[in-house]
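If you're matching positions, the sequence shown starts at 2 in this note's numbering and goes up one per residue.
A virtual CB, placed ideally from N, CA and C, is assigned to each residue, including glycine.
Since the structure comes first, as structure tokens, the remarks are kept for the end.
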Amino acid sequence: MPADARLLLHRLGRIPAYLVDEQEDIVAWNTSAAALIIDFAQLPAAERNTVRVAIRLGATICSAPAGAEGEFARQAAADLRATIARYPAHRALGELVNEFAAHSVDFAAGWRSHDVRPRLTLRKLLNHPELGPLELDRQTLLLPGTDLRLVIYTADPDSASATALARLGRAS
2 MPADARLLLH RLGRIPAYLV DEQEDIVAWN TSAAALIIDF AQLPAAERNT VRVAIRLGAT
62 ICSAPAGAEG EFARQAAADL RATIARYPAH RALGELVNEF AAHSVDFAAG WRSHDVRPRL
122 TLRKLLNHPE LGPLELDRQT LLLPGTDLRL VIYTADPDSA SATALARLGR AS
């Protein structure tokens with residue numbers, strides 16, 4: 002893990018953020034991300050994967066309204082397809098596709114669509130167990146010279162979601 006990537010993550014402070022690798026494995030996170038989504042430190046390292054967390058734990062953590070998780074699963078399929086295009090010999094990626102397709106009909110449908118356009122910005126509607134409904138923007142920033150991506154969650158200024166995120170940041 003590049004030291005500058007870890008430093009950037011730390012400096013984001015109250016902005017929920019985490020770093021993922023080419024397999025969607027969550028390799029580092031800040032306390033605000035843990036408070037918003039799940040305390041990743043409580044998961045075994047093999048379970049710290051954005052798609053795995055959404056598919057297996059989605060109903061028990063900060064969840065999405067009906068239909069929104071399906072969109073996430075389809076987008077995850079497109080992201081993994083784009084990664085496999087860059088790394089066709091990477092066996093673990095193919096194993097992830099099989100695992101996720103077996104557990105999510107939405108991921109399987111996304112995979113069959115052959116979409117390879119990763120979306121770097123998406124609007125996410127989440128139901129946080131303590132903060133209630135949140136409307137957040139999820140931005141993904143590519144870190145040059147690495148296979149890492151920085152994922153951050155922000156809210157429209159002066160919105161109820163921004164106020165809730167600020168409370169979350171103070172508590173974490």
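| Item | Value |
| --- | --- |
| CB-CB under 6 Å to residue 80, same chain, minus the five flanking residues each way: which ones, in chain order? | 119 |
| Could you check if residue 95 is buried or exposed, using at least 16 other CB atoms within 10 Å of its CB as the buried criterion? | exposed |
| Compare the C-alpha of residue 9 against each of 84, 149, 26, 108 and name the closest. | 149 |
| Here's the rule I'm using: 16 or more other beta-carbon atoms within 10 Å means buried, otherwise exposed. How should residue 20 be labelled? | buried |
| Leaving out five residues on either side along the sequence, give the residues of the same chain with a beta carbon under 6 Å from the beta carbon of residue 153. | 16, 18, 140 |
| If you measure between the beta carbons of residue 101 and residue 78, is that distance less than 9 Å? | yes |
| Bridge partners of residue 21, per DSSP? | 27, 150 |
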